[in-house]
Amino acid sequence: MADQRFDAVVVGAGAGGLCAAARLAHGGLRTLVVDDKMRLGGRASTEEIDGFKVNIGAIAIEFGGVFEETFNTVGASLNIRAPEPASSFLIDGKLVDVGRGGWSLLLGQLTKQASRILEKFADARSGNLPDGRQSTEDWLKGYTNNATVHALFRNLCAAIFACNAAELPARAFLTYFTSKGAFKRFGFCPQGTIGVWNALGTAIARNGEIWLGTPAVKIHTIDGRVDGVTVTRDGKQMRIDTEIVISNAGPKATVALAGEAAFPPDYVERVRHDLRPAANIVINIASREPLMVHPGIVTFGKTRRLCNMANLTATCPELAPPGWNLYVAYAVPVPALGDFDSDAEVELALADLREQFSSFDQARILSIRVMRDDWPAQRSCAGYDLPRETGIAGLWCVGDAVKEYGNGGTQACAETAKLVTDAILASRQKKQAVGI
Ligand SMILES: Cc1cc2nc3c(=O)[nH]c(=O)nc-3n(C[C@H](O)[C@H](O)[C@H](O)COP(=O)(O)OP(=O)(O)OC[C@H]3O[C@@H](n4cnc5c(N)ncnc54)[C@H](O)[C@@H]3O)c2cc1C
Numbered sequence: 002m003a004d005q006r007f008d009a010v011v012v013g014a015g016a017g018g019l020c021a022a023a024r025l026a027h028g029g030l031r032t033l034v035v036d037d038k039m040r041l042g043g044r045a046s047t048e049e050i051d052g053f054k055v056n057i058g059a060i061a062i063e064f065g066g067v068f069e070e071t072f073n074t075v076g077a078s079l080n081i082r083a084p085e086p087a088s089s090f091l092i093d094g095k096l097v098d099v100g101r102g103g104w105s106l107l108l109g110q111l112t113k114q115a116s117r118i119l120e121k122f123a124d125a126r127s128g129n130l131p132d133g134r135q136s137t138e139d140w141l142k143g144y145t146n147n148a149t150v151h152a153l154f155r156n157l158c159a160a161i162f163a164c165n166a167a168e169l170p171a172r173a174f175l176t177y178f179t180s181k182g183a184f185k186r187f188g189f190c191p192q193g194t195i196g197v198w199n200a201l202g203t204a205i206a207r208n209g210e211i212w213l214g215t216p217a218v219k220i221h222t223i224d225g226r227v228d229g230v231t232v233t234r235d236g237k238q239m240r241i242d243t244e245i246v247i248s249n250a251g252p253k254a255t256v257a258l259a260g261e262a263a264f265p266p267d268y269v270e271r272v273r274h275d276l277r278p279a280a281n282i283v284i285n286i287a288s289r290e291p292l293m294v295h296p297g298i299v300t301f302g303k304t305r306r307l308c309n310m311a312n313l314t315a316t317c318p319e320l321a322p323p324g325w326n327l328y329v330a331y332a333v334p335v336p337a338l339g340d341f342d343s344d345a346e347v348e349l350a351l352a353d354l355r356e357q358f359s360s361f362d363q364a365r366i367l368s369i370r371v372m373r374d375d376w377p378a379q380r381s382c383a384g385y386d387l388p389r390e391t392g393i394a395g396l397w398c399v400g401d402a403v404k405e406y407g408n409g410g411t412q413a414c415a416e417t418a419k420l421v422t423d424a425i426l427a428s429r430q431k432k433q434a435v436g437i
């Protein structure tokens with residue numbers, strides 16, 4: 002016997018779950034979101050440390066695309082501020098602005114083979130892509146052996162996809178840079194990234210509820226379709242009846258929640274073998290003296306593990322107490338898709354920071370977080386995604402393990418939410434039209 006009934010239940014209030022819930026609530030379905038944490042945003046949330054608003058994961062939120070369209074559709078305001086200039090490379094102590102043709106100029110200065118590499122980007126734009134097995138590193142070796150160019154591509158792969166160039170399919174790399182947003186236009190949220198999720202939460206509350214600190218403990222199925230969710234709320238188990246469950250917990254946790262026996266065997270096999278969680282290391286740094294002047298995100302040239310760093314307070318001073326600068330640096334371990342020694346990898350990242358910034362040892366490290374395993378940078382690396390359909394009617398996955406090919410980050414999560422909710426709303430409309 003159910004304690005409550007909702008038209009749809011979303012398990013997890015991460016980027017994909019919240020975008021999906023907001024779309025369903027806006028589309029007329031009374032929607033419940035449950036999350037085991039006490040805040041919205043999942044791996045893209047924000048915590049407070051000594052008056053600093055410290056982001057756990059995503060900081061750069063893309064303008065445009067499905068992400069911004071979601072906010073416009075559901076009537077939520079997207080409060081992000083664009084740094085200007087947004088993206089640069091820091092190579093041998095020299096800053097290169099990659100906007101306005103800077104990328105081609107930079108490649109041209111580094112290698113005589115630049116035009117061949119750029120031609121391949123043009124080919125990719127017209128749909129001529131390498132097959133999914135060749136790595137970005139091997140693809141690049143076909144055109145140049147220049148160590149600085151290889152270092153730049155490794156750090157681009159690390160910064161965007163949280164993996165190494167030897168781990169990322171060239172097809173995914175080229176797809177992203179030629180037909181996705183590629184972080185050309187992005188902003189930081191002045192409340193910390195949690196600010197964007199709180200705005201979506203307000204939109205969801207117009208036709209639904211959000212229960213924080215509420216883990217889903219079981220997804221119920223009957224005859225190959227979903228029919229409810231049990232959650233633990235205030236220490237008590239509670240059953241919610243519903244015909245639609247969207248899981249933002251990732252395919253592996255979703256299978257555990259419904260039980261392997263409920264799924265087609267080939268789906269369970271794919272969940273076991275195809276997913277490749279990608280890891281990164283996040284170092285939040287506060288400093289009274291500026292460490293770098295560039296206001297946006299800087300991607301490094303040759304480093305051990307460090308790939309990029311953002312100067313958050315240059316654009317959003319409200320993220321830190323007065324008189325302080327707040328930076329976040331990212332490093333990607335080797336390997337990023339397999340096992341590694343977290344302590345050793347953190348040491349390599351810190352060595353890079355000391356080398357890049359002479360006053361780094363005077364700065365204060367607010368937090369160091371290794372994102373891996375069940376709380377990774379990407380639940381599956383680009384090129385290794387699973388379908389959003391689970392083989393159980395009414396049960397779908399959203400988030401960064403079920404992305405469209407070659408997409409990444411919160412933009413990709415928003416896209417998974419749109420694809421799933423469009424299908425749900427269309428099927429509901431069809432049923433209503435025939436009076437079911
Ligand atoms: C360090 C770092 C930097 C990044 N930088 C960027 C960036 O700048 N820009 C960008 O766009 N992307 C960035 N990303 C990627 C982006 O943060 C993630 O792709 C995105 O946040 C993943 O969202 P998701 O939809 O998969 O949900 P998740 O974040 O995985 O959220 C899922 C939620 O479900 C909850 N949950 C799980 N199981 C249950 C259960 N049984 N019951 C209830 N709740 C449950 C979890 O606690 C979590 O809150 C970054 C990631 C990291 C780690």
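The opening residue of the sequence shown carries number 2 in the working numbering; numbering runs sequentially from there. The C-beta atom is built at its ideal place from N, Cα and C for all residues, glycine as well.
- With a cutoff of 7 Å, P334 does not count as near ligand 1, since its C-beta is closer than that to no heavy atom of the ligand.
- Assignment of A434 by DSSP, reduced to helix, strand and coil, places it in the helix class.
- When DSSP states are grouped into helix, strand and coil, S89 belongs to the strand group.
- Per DSSP, the unbroken beta strand (DSSP E) holding G209 starts and ends at 209 to 212.
- Pairing I57 with R370 gives a Cβ-Cβ distance under 8 Å.
- Shown here, S359 sits in coil according to DSSP, grouped into three states, outside any helix or strand.
- In this structure, A22 lies near G209, with their beta-carbon atoms less than 8 Å apart.
- Secondary structure in the region 312 to 370: the beta strand (DSSP E) runs of 3 residues or longer, each lying completely within the stretch, are 326 to 332 in chain order.
- In the DSSP annotation of this structure, the continuous segment of the beta strand (DSSP E) that includes I50 starts and ends at 47 to 50.
- For K54, there is no enclosing alpha helix (DSSP H); the residue is found in the beta strand (DSSP E) stretching over 53 to 56.
- In this structure, the straight-line span from the alpha carbon of F178 to that of A402 is close to 19 Å.
- Within a 10 Å sphere around the beta-carbon of Q238 sit fewer than 16 other beta-carbons, which makes this residue exposed.
- Under the 10 Å beta carbon count, E261 is surrounded by fewer than 16 other beta carbons and is classified as exposed.
- Comparing alpha carbon positions, the residue from R234, P266, A206 closest to G225 is P266.
- Following the DSSP letters along the chain, one finds R117 inside the alpha helix (DSSP H) bounded by residues 115 to 126.
- Here S105 carries a helix assignment [DSSP, helix/strand/coil].
- As for any beta strand (DSSP E) of minimum length 3 sitting wholly inside the region 235 to 301, the runs are 237 to 242, 246 to 248, 281 to 288, 298 to 301, ordered along the chain.
- In the DSSP assignment, G229 forms a beta bridge with H221, D242.
- Not one heavy atom of ligand 1 sits closer than 7 Å to the Cβ of P252.
- The alpha carbon of F64 has as its nearest neighbour, out of T137, T411, S428, the alpha carbon of T411.
- Taking 8 Å as the cut-off, the Cβ atoms of V75 and I247 do not count as close.
- As computed with DSSP, Q135 is found in no beta bridge at all.
- The three-state reading of DSSP puts E390 in strand, counting E and B together.
- With contacts defined by Cβ atoms closer than 8 Å, Y406 and A173 form a contacting pair.
- Between the region 414 to 433 and the region 68 to 83, the count of Cβ pairs shorter than 8 Å is three or higher; the stretches touch.
- If you draw a 10 Å sphere on the C-beta of Q430, you find fewer than 16 other C-beta atoms in it, and that means exposed.
- In the DSSP annotation of this structure, the continuous segment of the beta strand (DSSP E) that includes T32 starts and ends at 32 to 35.
- Around L30, the same chain offers D8, A9 as residues with beta carbons nearer than 6 Å, after the five sequence neighbours per side are excluded.
- Beta bridge pairing from DSSP links Q379 with A279.
- For V55, the shortest separation between its Cβ and any heavy atom of ligand 1 does not lie below 7 Å.
- Comparing C-alpha distances from C317 to each of D353, T194, L107, Q114 shows the shortest one belongs to T194.
- Counting along the chain, C190 sits inside no alpha helix (DSSP H), nor does DSSP assign it H or E at all.
- Here the alpha carbon of L213 sits roughly 11 Å from the alpha carbon of L33.
- For R82, the three-state secondary structure derived from DSSP is strand.
- CA-to-CA, the gap between G409 and F162 works out to about 7 Å.
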